[in-house]
Amino acid sequence: MPELPEVETVRRALERRVLGRVITDYEVGRPAFNRPIPAEALRGLKGSRITAVHRRGKYLLLHLSQGGRLVCHLGMSGSISFSGDEGHVRFRFTAGGVTVRIHDPRRFGRVGCRLPELGPEPLSPAFRPDSLFSALSGRRAPVKALLLDQAVVAGVGNIYATEALYRAGIRPDRPARRVTRAEAGRLCREIKLVLRRAIRAGGTTLNDQAFKDPEGRPGRFALMTAVYGRETGACGHALKATARPIAGRTSLYCPRCQA
DNA sequence: TTAAATTCCTGTAAGC
DNA sequence: TGCTTACAGGAATTTA
């Protein structure tokens, strides 16, 4: 599933291929996403030059010369490709002769021009131990539910929340207000570390399908996870799932290393 | 105010 | 072998 490292991998590929190019054509898939693409997002798209390719959390932002922008979210099954597979194309555009296709079998993705309120970028200096600690303090919800909340920190999903909590030694179902200041500091550092590593690996590709970068290459981080998608943790202990899912996600942890 | 549940959707895998 | 069922999850929305 595309989380921050996967989206960043896509962003870099888009930057290489379409930055500075003029959009000559676009087409909305039938059916498109669950939510229709607002007319506002498509207005003036043809003839616009792509002046910047940015990322905010899990959102991709294509800034356009005519002042607007295209905001894309890949949902959980979305991917972008420059060539090959034509299946489940929900939106496509051509810029400078390069065709960019957004595929999304489950149609959870979105294209528009609005960005919701998001928490700090986890890799920026704005995401600090003390700010994470204050976001957690007083909250009864499980700490993992808050990491998945995009208003607390932008871009973290199930894979990287699971990994960071394991590395920080914190059980995912611990009430957030029971996380100490020191632990919040460790958690903050581990989130940054795991995201940086995953970006370097080109993201996480589970199984054979799942995520591929726009050139069709799988990410290599699945081979490096300590917990996610495993039965035994990197510590060598058997992993357990929490009694109930957290924020609707199955949550693995090590009963011996995480408290 | 916060938190939990529900909704969207379909490819994959497990079970009978 | 072939069918049915459960499961996966990001974020918006609804309910408690």
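Residue numbering for the first sequence follows my numbering, starting at 9 and increasing by one per position.
Backbone N, C-alpha and C define an ideal beta-carbon position, used for all residues, glycine too.
Bear in mind that the values here come from a model prediction, so they are computed numbers and not experimental data.
The beta carbon of Gly-193 sits closer than 7 Å to those of Pro-137, all from its chain and outside the five residues before and after it, given in chain order.
Here the stretch 101-112 makes no contact with the stretch 143-151; the two share fewer than three CB pairs at distances below 8 Å. Here Gly-120 carries a strand assignment [DSSP, helix/strand/coil].
Rounded to the nearest angstrom, the gap between the Cα atoms of Leu-201 and Glu-171 is 10 Å.
Taking a contact to require three or more Cβ pairs closer than 8 Å, the stretch 218-236 and the stretch 31-43 do not qualify as touching.
For the pair Arg-179 and Ala-267, the CB atoms are nearer than the 8 Å cut-off. By the beta-carbon neighbour count (other beta carbons within 10 angstroms, threshold 16), His-245 is exposed.
Here Ala-169 has Lys-152, Leu-155, Leu-156 as same chain residues with Cβ atoms under 7 Å from its own Cβ, once five neighbours each way along the sequence are excluded. By the criterion of at least three beta-carbon pairs nearer than 8 Å, the stretch 124-137 is not in contact with the stretch 45-55. Around Ala-159, the same chain offers Glu-125, Leu-126, Gly-127 as residues with beta carbons nearer than 7 Å, after the five sequence neighbours per side are excluded. Straight across, the Cα-Cα distance linking Gly-163 with Gly-83 is about 12 Å. The criterion of a C-beta distance shorter than 8 Å is not satisfied by Phe-41 and Arg-109. Distance from the CA of Arg-208 to the CA of Arg-182, rounded to the nearest whole angstrom, comes to 30 Å. Judged by DSSP secondary structure, Ser-89 falls within the beta strand (DSSP E) whose first and last residues are 87-89.
Nearest C-alpha to Arg-63 among Leu-140, Leu-22, Gly-117, Phe-141: Leu-22. Residue Glu-198 holds the alpha-carbon nearest to the alpha-carbon of Leu-140 among Val-119, Ser-89, Glu-198, Cys-80.
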